[in-house]
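Colleague: Got a structure here, written out as structure tokens. Questions coming.
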Amino acid sequence: MEAAFLIEKILLVVVLFVITLTIAAYSTWAERKVAAWMQDRVGPNRAGIFGLLQPLADGGKMFFKEEIIPSGANKWLFIAGPSLALLTSFLGSAVIPFGQSIELFGKTVPLQVTDINVGILYIFGVVSLGVYGIMIGGWASNNKYSLMGAIRGASQNISYEIAMGLSIIALLLVTNTLSFKELAEQQHSWHWNIIYQPLGFLIFLVCAFAETNRVPFDLPECETELIGGYNTEYSAFKMGAYMFAEYINMFVSSAVMVTLYFGGYNYPFMDQVNALLGPTWGPLVGVSVMFLKIILFIFFFMWVRWTVPRFRYDQLMDLGWKVLIPLAIANIVITAIVITVVDKL
Amino acid sequence: MSNFITEITPNRPVYTDNDPQGDLTTLNLGPTHPATHGVFQNVLQMDGERIVSGVSTIGYIHRAFEKIAEHRPFYQITPLTDRLNYCSSPINNMGWHMTVEKLLGIETPKRVDYLRVIVMELSRITDHLICNGILGVDTGAFSGFLYLMEEREHVYEIFEEICGARLTTNIGRIGGFERDFNDIAFAKINKFLEKFPPILKEFEKLFNRNRIFIERTSGVGAVDPETALSYSWSGPILRATGVDYDVRVNEPYASYQDFDFEIPVGTTGDVYDRFILRNEEMWQSLRIIEQAMEKLKKEPKGVFHADVPEFYLPPKEQVYNNMEALIYHFKIVMGEVDTPKTEVYHAVEGGNGELGFYLINDGGRTPYRLHFRRPSFINYQMYASMSRGMLLSDAIINMSSLNIIAGELDA
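If you read the sequences in order, they're chains A and B. Its first residue numbered -5, the first sequence is counted upward by one per residue in my numbering. Its first residue numbered 57, the second sequence is counted upward by one per residue in my numbering.
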């Protein structure tokens, strides 16, 4: 392994890390602005122009707040909970291709930290780990509301992962690959998977809402019932870590959805644009298209959050087990039949 | 002591983790919980998410209003009534004034009645706005609440124009109002009548046919009319069960008989019915206000109180320059006015139900005994037994839709 390769990868990791952090931080700002816009309010506008420094102010505040660890709480697990949540949320973005290979200083650089050939399985593994942050934090708090939030979180994530996995299987039948890089390449130009898998996408979308614990699936937090759910007892930056993890998860799941179903960095007439702009600027347009799509998805998450009420616990389970899983299985069967018929013709 | 409870009986929860409770756990819902919207507690015994039994604890903000009222002249009791259901203070104020008027046999001019109706219906709207908005918040949909809060602000601006205060209004006096509505107040009412319907329509669009909202609320906290009546329920939650009892129609006061309006009734008495019913009542309130504004045009201008010099404080200029006014001012303030030795009960349709004032008078300047029939207090009695078998989420939205106001619950 040569040094140049290592440096290249480390640089890419750092850049991606910074981008993820920035997007997560500004998602909090955007969330407040979007909410304000939808609710006829102004939103944050004191810190900087349009309140753009608000995330920094919030972050600074979180750092300097008093850390409170409740008596009777398991201290180490109490700290481990938010740390794990934050850590696992960062891992997801490693396998996502953010653009075509780009030519920089006479070198071809792939805009993907690593192309694991089972990238989708990796994402699933990492996302499932995320629920441990909630469970450990909720359990270690020594608070019944936290515990209930943790239990809700665990059962919700496990139930929805099944439907999510099944919806992906249908996609795999179409694409025949588990690698994100190949997935992105297959969707060249306008051949986005959403055209072949509309139902699968809908199931995946609903499950993504559930996995990121966003309204209407925010039962683990559920402010009006469980006070704050699993993060009731958290203060200062540990609370911030949970919040941050939620926004990073939102970013990662938006990126995954874009890559799986909405063509990733691909856009119609990209060949002509690439030919026009050359190997450096062409892929950069693709990168901006990718981030535009991600931002649209993040906006969609927020739009839903400020519009609909949340489910009740049993309705959530009903939706997961009795609606989404049968639908996903039906989707697999239909996809398989269609593929077989098309192949025979 | 810990072996006190040998077996778990309905509605008899264990209070500490040391008590034997099998697989069940005790959950303190309140006194400070985001969903209680005030200070009151429910000790619930939970089987996972399901409530096995519960006990309501009230009295956290009990301020002994009934006792304080025994030491205050009639006109000084109005501010106490402000603090009962503070979401619709003007109704409480008016109810109290009308009780005293009933005691003294005062006939108020029609114009005063119509002005009162306007104020009362406006505050009914604010009350229902809060209740339905908060129900939205408790189900997780926050935006509708803020749409409505803006409108409540406009109503509060009207109150501000009429009496100078917003929340605890102390609006009106025995016999009428302390001053006439000014032109700005009328302009603001007209503007509200114009601006509010589209907002309410938007709010209804957001909720009424929202699938998640319907699933969350329908069938939750359903009560049959017999049970509701046996618990002496009143107001929107009683009408949601299908009983068409409304004090405004059954025992009209303040010339409500002059108005043409409908009393919406529900069928199942569940949270969804209560929600729809409150929305519908707001439409009816708007109708009443519109009619009252029309009727006011036909009434003589400048009449804003009944002619009862021995109870209605004269204007200060007259007190300084006019002997009769000075005498009445002295008599009112010093409590030298004779009042009939009798007892009266007067009820108004408050935001949550029948708000009654039972006044026993011994002829002095203060009531001998005054009892407030507080709808929140009475409606809340069923809460613990209703919650049995519910999921925690259901119990919480059920509480929101009962519209329990801590100030009125504890008095």
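Heads up, the beta-carbon is just placed ideally off N, CA and C, and yes, glycines get one too. Here the structure is a predicted model, which is why all the values come from computation and not from measurement.
1. Taking its Cβ as the centre, do 16 or more other Cβ atoms sit within 10 Å of N335(B), making it buried, or is it exposed?
2. Quick check on V193(B) - is its C-beta less than 8 Å from some C-beta in chain E?
3. Closest Cβ-Cβ distance between I96(A) and chain B: below 8 Å?
4. Of all Cβ atoms in chain A, is any one closer than 8 Å to the Cβ of D450(B)?
5. How far does the alpha helix (DSSP H) with L136(B) in it reach, from first residue to last?
6. Please list, in chain order, all residues of the same chain as E307(B) whose beta carbon is under 7 Å from its beta carbon, the five residues on each side excluded.
7. Decide if the stretch 121 to 132 of chain A is in contact with the stretch 295 to 306 of chain A; the criterion is three or more beta carbon pairs, one per stretch, under 8 Å apart.
8. Taking 8 Å as the CB-CB cut-off, is N226(B) touching chain A?
9. Throw me the rounded Cβ distance for the D138(B) and S145(B) pair, which I believe falls under 8 Å.
10. Establish whether the CB of K138(A) and some CB of chain B are separated by less than 8 Å.
11. Hey, how far is the Cα of Y170(B) from the Cα of I230(B)?
12. Taking the C-alpha atoms as reference points, what is the distance between I288(A) and P292(B)?
13. Give me the Cα-Cα distance between E216(B) and R208(B), rounded to the nearest whole angstrom.
14. Using a 10 Å radius around the Cβ and a threshold of 16 neighbouring Cβ atoms, would you call D103(B) buried or exposed?
15. Throw me the rounded Cβ distance for the G143(A) and G93(A) pair, which I believe falls under 8 Å.
16. Which residues in the same chain have their Cβ closer than 8 Å to the Cβ of E366(B), if we skip the five residues on either side of it in sequence?
17. Rounded to whole angstroms, how far is the Cβ of F96(B) from the Cβ of A467(B), which I believe are closer than 8 Å?
18. For I227(B), does the three-state DSSP call read helix, strand or coil?
19. So R272(B) contacts chain A; which residues on that side make the cut at Cβ distance below 9 Å?
20. Please state whether the Cβ-Cβ distance between Q347(B) and E318(B) is less than 8 Å.
21. Under 8 Å, do I221(A) and N325(A) count as touching if we go by C-beta distance?
22. What residues from the stretch 199 to 212 of chain A come within 9 Å of chain B, judged by C-beta to C-beta, listed N to C?
23. Report the start-end ranges of each alpha helix (DSSP H) in the stretch 14 to 72 of chain A that is 4 residues or longer and not cut off at the edges.
24. Cβ atoms of A202(A) and L247(A): under 8 Å apart, would you say?
25. Under 7 Å, CB to CB, which of the residues in the stretch 321 to 354 of chain B have a partner in chain A?
26. What residues in the stretch 173 to 204 of chain B have a beta carbon less than 8 Å from any beta carbon of chain A?
27. Which of helix, strand or coil does DSSP assign to I117(A)?
28. DSSP three-state label for N459(B), please.
29. Which whole-angstrom value describes the C-beta separation of L140(B) and F428(B), a residue pair presumed to lie in contact below a C-beta threshold of 8 Å?
30. Return the CA-CA distance between R172(B) and E380(B), expressed in angstroms with no decimal places.
31. Mind checking the stretch 237 to 269 of chain B against chain A and listing, in chain order, the residues whose C-beta falls within less than 7 Å of any C-beta there?
32. In the DSSP assignment, the alpha helix (DSSP H) including L249(B) goes from what residue to what residue?
33. Over the uninterrupted beta strand (DSSP E) stretch that includes F428(B), give me the two end residues.
34. Are the CB atoms of V209(A) and R299(A) within a distance shorter than 8 Å?
35. Rounded to whole angstroms, what is the Cα-Cα separation between R119(B) and G110(B)?
36. Tell me whether I397(B) sits in a helix, a strand or coil according to DSSP, three-state version.
Modeller: This is what the structure holds:
1. Buried.
2. No chain E appears in this structure, whose protein chains are A and B.
3. For I96(A), no CB of chain B lies under 8 Å from its own CB, so it is not counted at the interface with that chain.
4. Closer than 8 Å: yes.
5. Boundaries of the alpha helix (DSSP H) harbouring L136(B): T134 to D138, taken from the DSSP string.
6. Cβ within range, chain order: A403.
7. Between the stretch 121 to 132 of chain A and the stretch 295 to 306 of chain A, the count of Cβ pairs shorter than 8 Å is below three; the stretches do not touch.
8. No, its Cβ sits nowhere closer than 8 Å to a Cβ of chain A.
9. With 8 Å as the limit, D138(B) and S145(B) qualify as a contact, their Cβ atoms being about 4 Å apart.
10. Under the Cβ distance rule, K138(A) counts among the residues neighbouring chain B, one pair being separated by less than 8 Å.
11. Between Y170(B) and I230(B), the alpha-carbon positions lie close to 15 Å from each other.
12. C-alpha separation (whole angstroms): 46 Å.
13. The alpha-carbon atoms of E216(B) and R208(B) are separated by roughly 12 Å.
14. By the Cβ-count criterion, D103(B) is exposed, with fewer than 16 other Cβ atoms from all chains shown falling within 10 Å of its own Cβ.
15. Contact between G143(A) and G93(A) does not hold, since the beta-carbon distance rounds to 38 Å and is not under 8 Å.
16. Excluding sequence neighbours, E366(B) sits near Y384, K387, I388 and V393.
17. Not really, about 13 Å apart at Cβ, beyond 8 Å.
18. It is coil, neither helix nor strand.
19. Neighbours of R272(B) in chain A, taken as residues at a C-beta separation under 9 Å, are given in chain order as P303, R304, F305, R306 and Q309.
20. Contact flag unset, no.
21. With a cutoff of 8 Å on beta-carbon distance, I221(A) and N325(A) are scored as not near each other.
22. Residues of the stretch 199 to 212 of chain A with a Cβ closer than 9 Å to any Cβ of chain B, in chain order: V209, P210 and D212.
23. 48 to 58, all fully within the stretch 14 to 72 of chain A.
24. First, the residue type needs correcting, since residue 247(A) is Ser and not Leu in the sequence shown. Yes, these two residues count as a Cβ contact at 8 Å.
25. Within the stretch 321 to 354 of chain B, no residue has a Cβ that lies closer than 7 Å to any Cβ of chain A.
26. Of all residues in the stretch 173 to 204 of chain B, only G192, V193, D194, T195, G196, A197, F198, S199, L202 and Y203 come within less than 8 Å of chain A when Cβ atoms are compared, listed by chain position.
27. I117(A): helix per DSSP, three-state reduction.
28. N459(B): coil per DSSP, three-state reduction.
29. Between F428(B) and L140(B) the Cβ distance is about 6 Å, and since that is below 8 Å, they are a contact.
30. Our two residues, R172(B) and E380(B), have alpha carbons roughly 28 Å apart in a direct line.
31. Listed by position along the chain: N266, I268 and F269.
32. For L249(B), the enclosing alpha helix (DSSP H) has its first and last residue at D239 to F263.
33. R425 to R429 is the extent of the beta strand (DSSP E) around F428(B).
34. Yes, the pair counts as a contact, with Cβ atoms nearer than the cut-off.
35. Cα to Cα, R119(B) sits roughly 25 Å from G110(B).
36. According to the sequence provided, residue 397(B) is Lys. The question's Ile does not apply to it. Looking at K397(B) - three-state DSSP - the assignment turns out to be coil, as it is neither helix nor strand.
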